[in-house]
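Chains as they are written, first to last, in the working numbering: chain V, 32 to 346; chain Y, 617 to 738. Just so you know, even glycine gets a beta-carbon here, dropped at the ideal spot from N, CA and C. What follows is a short report on a single structure.
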């Protein structure tokens with residue numbers, strides 16, 4: 032019974048990520064178009080919404096090219112490990128009060144740890160491409176992703192400190208509205224570091240079109256390329272859902288099915304903000320990127336932690 | 617607060633299985649549907665149309681290792697902070713003092729790396 036139950040939830044999660052990625056691409060086209068004072072897709076279906084359905088067969092019909100010089104085995108199988116961890120990380124998200132697919136006492140740590148496996152897959156695929164642009168992109172992505180991991184986990188630590196638990200459901204249950212002003216800095220750090228983790232603009236120097244073409248996935252095509260794209264949008268969905276659950280109380284003030292709706296609305300708002308940032312700010316230079324992480328975000332996260340510790344002790 | 621982590625992990629196992637088979641599934645679908653007309657030019661390494669010069673598998677600079685080392689140090693210290701955060705509600709003042717000492721050491725390490733120029737991208 033649990034086997035079937037788990038299988039169904041796994042399918043639902045992957046469908047959420049794949050469907051969410053497709054929806055996200057459409058939503059991003061609309062948002063970016065509005066930011067640039069255009070209309071975006073509007074020909075196919077209402078508001079161009081069927082465009083996203085047209086995209087899937089297009090990708091399926093693309094030729095799968097493995098460059099002659101590439102390390103074929105690694106080139107072929109590395110994209111699997113880009114997408115998998117993101118899908119698995121969805122398992123601990125507390126969708127509504129008292130319900131998450133997997134209720135575990137180390138959920139928060141699990142969510143921070145599992146998507147990090149992606150770094151290895153990205154480095155492998157970039158190195159296996161036997162392409163100067165890919166190799167550079169992969170190295171940059173690795174340096175960036177492991178660096179932003181530190182302020183990100185420190186920011187989440189602020190919430191763990193307030194809730195006194197690593198169980199996402201307990202965190203949501205313990206959540207109070209006055210945490211929002213108290214953890215505002217932590218949320219901003221989480222937000223920025225999450226964008227950097229998924230290599231999105233303005234932190235997309237590893238895949239900068241103007242200098243590295245597409246960085247670590249420059250030599251990928253068809254569905255293999257799509258798995259990188261799905262992983263990026265999946266990471267965005269997972270980070271938004273988790274951020275909404277931890278920093279904005281999940282389904283608060285509602286429970287049950289309405290709680291899920293509220294959580295999704297909050298997550299979509301965060302996702303839209305992520306897109307807004309991408310289409311507003313210019314790309315950061317590599318040295319700015321690294322010094323911003325180590326000299327601004329990490330010290331700030333430590334200060335935030337001490338402030339919350341003092342406030343908690345004083346209460 | 618001390619509890620076992622051995623919950624029912626069947627759901628997790630199924631998530632891993634589904635997450636692992638989804639991409640191969642789409643790749644198989646693509647393999648059946650997509651054309652496959654390879655020629656020598658198409659299988660070339662992509663470098664905006666020009667011939668790639670020199671191998672890309674070269675030694676890369678030491679700066680990346682420095683960041684990797686910094687990451688290992690700070691990530692482990694962050695992981696050490698997690699159990700502390702969970703146990704915070706007991707012995708508040710003592711734990712707070714301990715934490716401030718720990719974070720001071722962490723900040724000291726960061727300041728040292730900063731002063732030594734490890735954080736400067738060259």
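Nearest-angstrom Cα separation, counted from residue j out to residue i
i	j	result
residue 322 of chain V	residue 647 of chain Y	44 Å
residue 351 of chain V	residue 151 of chain V	For chain V, the structure presents residues 32 to 346; residue 351 of chain V sits outside this window and is missing.
residue 91 of chain V	residue 82 of chain V	15 Å
residue 618 of chain Y	residue 96 of chain V	Model confidence at residue 618 of chain Y stands at a pLDDT of 44, short of 50, so the residue's coordinates are unreliable and nothing is read from them.
residue 639 of chain Y	residue 338 of chain V	44 Å
residue 118 of chain V	residue 142 of chain V	11 Å
residue 726 of chain Y	residue 179 of chain V	15 Å
residue 73 of chain V	residue 60 of chain V	10 Å
residue 207 of chain V	residue 332 of chain V	21 Å
residue 191 of chain V	residue 701 of chain Y	6 Å
residue 34 of chain V	residue 629 of chain Y	9 Å
residue 621 of chain Y	residue 138 of chain V	At residue 621 of chain Y, the pLDDT of 47 sits below 50, so the modelled position is not reliable; the number obtained from the coordinates is stated separately. Taking the straight line from one Cα to the other gives about 10 Å.
residue 318 of chain V	residue 147 of chain V	22 Å
residue 241 of chain V	residue 290 of chain V	43 Å
residue 75 of chain V	residue 57 of chain V	12 Å
residue 84 of chain V	residue 644 of chain Y	19 Å
residue 254 of chain V	residue 87 of chain V	9 Å
residue 308 of chain V	residue 681 of chain Y	30 Å
residue 346 of chain V	residue 214 of chain V	16 Å
residue 679 of chain Y	residue 324 of chain V	15 Å
residue 689 of chain Y	residue 228 of chain V	19 Å
residue 304 of chain V	residue 120 of chain V	22 Å
residue 671 of chain Y	residue 649 of chain Y	34 Å
For residue i, the nearest candidate out of the options (CA to CA)
i	options	result
residue 136 of chain V	V:119, V:125, V:196	V:196
residue 67 of chain V	V:306, V:336, V:314, V:342	V:306
residue 149 of chain V	V:173, V:126, V:56, V:167	V:173
residue 595 of chain Y	V:291, V:249, V:336, V:293	Residue 595 of chain Y cannot be examined here, being either before or after the span of chain Y that is shown, 617 to 738.
residue 335 of chain V	V:110, V:183, V:158	V:183
residue 251 of chain V	V:223, V:111, V:47	V:111
residue 294 of chain V	V:57, V:99, V:271	V:271
residue 698 of chain Y	V:186, V:240, V:222, V:317	V:186
residue 340 of chain V	Y:731, Y:717, Y:636	Y:717
residue 116 of chain V	V:241, V:266, V:257, V:239	V:266
residue 634 of chain Y	V:277, V:165, V:42	V:42
residue 301 of chain V	V:123, V:314, V:330, V:223	V:223
residue 69 of chain V	V:318, V:310, V:329	V:310
residue 715 of chain Y	V:94, V:38, V:188	V:188
residue 275 of chain V	V:202, V:329, V:343, V:257	V:202
residue 735 of chain Y	V:330, V:344, V:342, V:326	V:326
residue 287 of chain V	V:130, V:63, V:256	V:130
residue 312 of chain V	V:232, V:94, V:121	V:232
residue 198 of chain V	V:134, V:44, V:212, V:49	V:134
residue 247 of chain V	Y:637, Y:663, Y:655	Y:663
residue 211 of chain V	V:280, V:168, V:256, V:166	V:280
residue 93 of chain V	V:109, V:80, V:256	V:256
Proximity below 8 Å, CB of residue i to CB of residue j
i	j	result
residue 101 of chain V	residue 161 of chain V	yes
residue 262 of chain V	residue 114 of chain V	yes
residue 47 of chain V	residue 282 of chain V	no
residue 145 of chain V	residue 694 of chain Y	no
residue 77 of chain V	residue 200 of chain V	no
residue 175 of chain V	residue 320 of chain V	yes
residue 268 of chain V	residue 171 of chain V	no
residue 234 of chain V	residue 156 of chain V	no
residue 98 of chain V	residue 661 of chain Y	yes
residue 177 of chain V	residue 687 of chain Y	yes
residue 277 of chain V	residue 164 of chain V	no
residue 722 of chain Y	residue 344 of chain V	no
Simplified DSSP state of residue i, which is helix, strand or coil
i	result
residue 737 of chain Y	coil
residue 214 of chain V	coil
residue 158 of chain V	helix
residue 130 of chain V	strand
residue 619 of chain Y	Confidence in residue 619 of chain Y is poor, its pLDDT being 47 and thus under 50, which makes the residue's placement unreliable; the coordinate value appears in the next sentence. Three-state result, residue 619 of chain Y: coil.
residue 107 of chain V	helix
residue 739 of chain Y	Outside the displayed span of chain Y (617 to 738) sits residue 739 of chain Y, for which this structure offers no information.
residue 258 of chain V	helix
residue 229 of chain V	coil
residue 251 of chain V	coil
residue 704 of chain Y	coil
residue 68 of chain V	coil
residue 731 of chain Y	helix
residue 666 of chain Y	coil
residue 60 of chain V	helix
residue 46 of chain V	helix
residue 644 of chain Y	helix
residue 87 of chain V	helix
residue 675 of chain Y	coil
Cβ of residue i within 8 Å of any chain A Cβ
i	result
residue 94 of chain V	In the structure shown, chain A does not exist; the protein chains are V and Y.
**Prompt:** Can you list, in chain order, the stretches of the alpha helix (DSSP H) that have 4 or more residues and sit fully within the stretch 261–330 of chain V?
**Reply:** Within the stretch 261–330 of chain V, the alpha helix (DSSP H) runs of at least 4 residues that lie entirely inside it are, in chain order, 287–311, 317–322.
**Asked** Could you give the uninterrupted runs of the alpha helix (DSSP H) lying entirely in the stretch 163–204 of chain V, keeping only those of 4 residues or more?
**Response** Qualifying alpha helix (DSSP H) stretches, in chain order: 163–194.
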